[in-house]
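**Q** Here it is: the structure, laid out below.
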Amino acid sequence: MTTDPLSPNTRYVSQVDGHDADAAALAPLAFAGYAHFTALQIRDGRARGLDLHLARLRAGSQALYGQALPDEAVLAHLRAAIQAGPPDLSLTATVYSPAGEFTIAGPGARPRLLVRTAPPSSGPAGPLSLALVEHERMLPGVKHVGEVAKTYLLREAASQGHDDAAFVDRHGRLSEATIWNLAFWDGESVVWPRAAMLGGTMMGIVRRQLDRLGAPQREQELKAEDLRALKGAVVMNSWTPGVPLLRIGAIDVPPAPGFLALLHRAHQAEPLLPV
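Just so you know, we're using the numbering used here here: the sequence shown kicks off at 6 and counts up by one.
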């Protein structure tokens with residue numbers, strides 16, 4: 006358990022299966038790259054899109070381990086960490102196998118859950134400039150921890166004067182950014198790129214609430230040359246439903262305050278529910 010230096014009475018935790026983790030429990034994770042996770046923001050002990058986070062953890066565990074922790078167990082561990090901290094916080098839930106990497110773990114190797122809490126975040130204000138690089142993630146549908154390429158590409162983008170990087174696949178289609186989903190605006194509809202990517206929980210929240218608001222949206226295969234015809238672009242993740250972009254590669258992105266407001270409206274329409 007750690008203490009926020011800005012507030013001596015605010016405590017954040019690292020717990021494994023609902024119990025405070027000591028060095029012995031955490032040491033093997035320093036070399037564990039075969040794991041997956043979800044990240045969410047907690048406000049007043051509540052969260053948006055909890056069903057999407059649980060579904061992500063179930064699907065990731067089935068893909069990597071062939072079994073998943075029951076939702077009830079996951080929720081109990083999340084609650085233990087939330088109750089140990091302040092009302093508002095960031096939370097990351099990482100599922101890993103005690104058998105470790107480079108093993109063929111059988112059904113007896115029940116996955117374990119590491120839950121970490123930290124100060125709350127709403128992400129950068131933007132607008133951001135993204136380098137455009139060719140990259141395809143391994144197991145794109147799983148939010149896994151084996152992501153050395155993403156940090157490397159982020160650093161490369163920063164060295165070129167950008168804030169972050171967006172990816173195109175081998176066919177030239179835009180997919181996602183390093184830790185973000187991409188969303189675009191054509192002046193009337195929200196446009197989601199169609200390619201292999203991680204379906205973000207924030208994306209899931211926004212898409213279902215846009216449906217409920219009756220706001221038009223569609224999927225489209227987008228290449229770099231298609232960006233010139235669009236009227237706005239954002240990135241989104243668990244921090245925020247939209248950070249505006251000002252440039253993708255060499256292409257300037259026009260400001261679209263109405264688009265940004267629509268995404269935030271959709272996010273706010275998703276209820277905050279107790280974990």
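Glycine included, each C-beta is placed from N, C-alpha and C at the ideal position.
Roughly how many angstroms separate the alpha carbons of Leu278 and Ser243, rounded to a whole number?
**A** Whole-angstrom Cα-Cα distance: 16 Å.
**Q** Tell me, which residues are paired with Ala170 by DSSP?
**A** Beta-bridge pairing links Ala170 to Ala136.
**Q** Let me make sure I understand the geometry here. Which of Glu193, Gly65, Gly111 has the alpha-carbon closest to that of Leu203?
**A** Per the Cα distances, Gly65.
**Q** Taking the alpha-carbon positions, what's the Ala114 to Pro103 distance?
**A** Approximately 6 Å between the Cα atoms of the pair.
**Q** By a C-beta neighbour count over all protein chains shown, 10 Å radius and 16 as the cutoff for buried, is Phe264 buried or exposed?
**A** Classification for Phe264: buried.
**Q** Who are the Cβ neighbours of Ile253 in its own chain at under 7 Å, not counting the five residues just before and after it?
**A** Cβ neighbours of Ile253 beyond the five flanking positions: Leu135, Leu137, Ala171, Leu232, Ala238.
**Q** Report all residues from its chain with a CB closer than 8 Å to the CB of Ala1; omit the five preceding and five following residues, and keep chain order.
**A** Any property of residue 1 remains undetermined from this structure, which presents the chain solely from 6 to 280.
**Q** Shortest alpha-carbon distance to Asp76 belongs to which of Gln67, Leu227, Leu59?
**A** Considering only alpha carbons, the answer is Leu59.
**Q** Which runs of the beta strand (DSSP E) at least 3 residues long sit entirely within the segment 41 to 108? Give them in chain order.
**A** Listed in chain order, they are 94 to 101.
**Q** Could you check whether the Cβ of Ala188 sits closer than 6 Å to any heavy atom belonging to the ligand FMN?
**A** Judged by which ligands are present, the structure shown has none, so any question about the ligand FMN falls away.
**Q** Can you give me the C-alpha to C-alpha distance between Ala123 and Val147, rounded to a whole angstrom?
**A** Ala123 and Val147: Cα-Cα distance of roughly 23 Å.
**Q** With distances taken from CA atoms, which of Tyr101, Gly23, Leu69 is nearest Ala35?
**A** The candidate whose alpha carbon is nearest that of Ala35 is Tyr101.
**Q** In this structure, does DSSP put Asp127 in helix, strand or coil?
**A** The sequence as given places Ser at residue 127; Asp does not occur at that position. It is coil, neither helix nor strand.
**Q** Among the candidates Ile109, Ser194, Ala182, whose CA atom is the shortest distance from the CA of Ala201?
**A** For Ala201, the nearest C-alpha among the options comes from Ala182.
**Q** Kindly indicate the opening and closing residues of the beta strand (DSSP E) around Met241.
**A** From DSSP, the beta strand (DSSP E) with Met241 extends over 237 to 242.
**Q** Leaving out the 5 sequence neighbours to the left and right, which residues in its chain are closer than 7 Å to Ala85 when beta-carbon positions are compared?
**A** For Ala85, where only same-chain residues beyond five positions count, the Cβ hits under 7 Å are Gln20, Gly23.
**Q** In terms of alpha-carbon separation, which member of Ala68, Pro33, His140 lies closest to Tyr157?
**A** Looking at the Cα atoms, His140 is the closest of the given residues.
**Q** State yes or no: is the C-beta of Ile109 within less than 7 Å of the C-beta of Val280?
**A** For Ile109 and Val280, no; Cβs fall outside 7 Å.
**Q** Have a look at Phe107 and Asp25 and give me their C-alpha separation to the nearest angstrom.
**A** The straight-line gap from Cα to Cα measures roughly 27 Å.
**Q** Which same chain residues end up closer than 7 Å to Arg212 when comparing Cβ atoms and leaving out the 5 residues on each side of it in sequence?
**A** Taken in chain order, the residues that qualify are Gln222.
**Q** Is it buried or exposed, Val153, if we count other Cβ atoms within 10 angstroms and call 16 or more buried?
**A** Exposed: under 16 other Cβ atoms inside 10 Å.
**Q** Give me, in chain order, the residues of the same chain whose beta-carbon lies closer than 6 Å to that of Leu227; leave out the 5 immediate sequence neighbours on both sides.
**A** If we look at Leu227 and ignore the five residues flanking it on each side, its Cβ neighbours are Leu179, Pro198.
**Q** Grouping DSSP H, G and I as helix and E and B as strand, with all else coil, what is Ser164?
**A** Helix, per DSSP.
**Q** Alpha carbon to alpha carbon, how far is Ile210 from Arg53?
**A** Straight-line Cα distance between these residues: approximately 8 Å.
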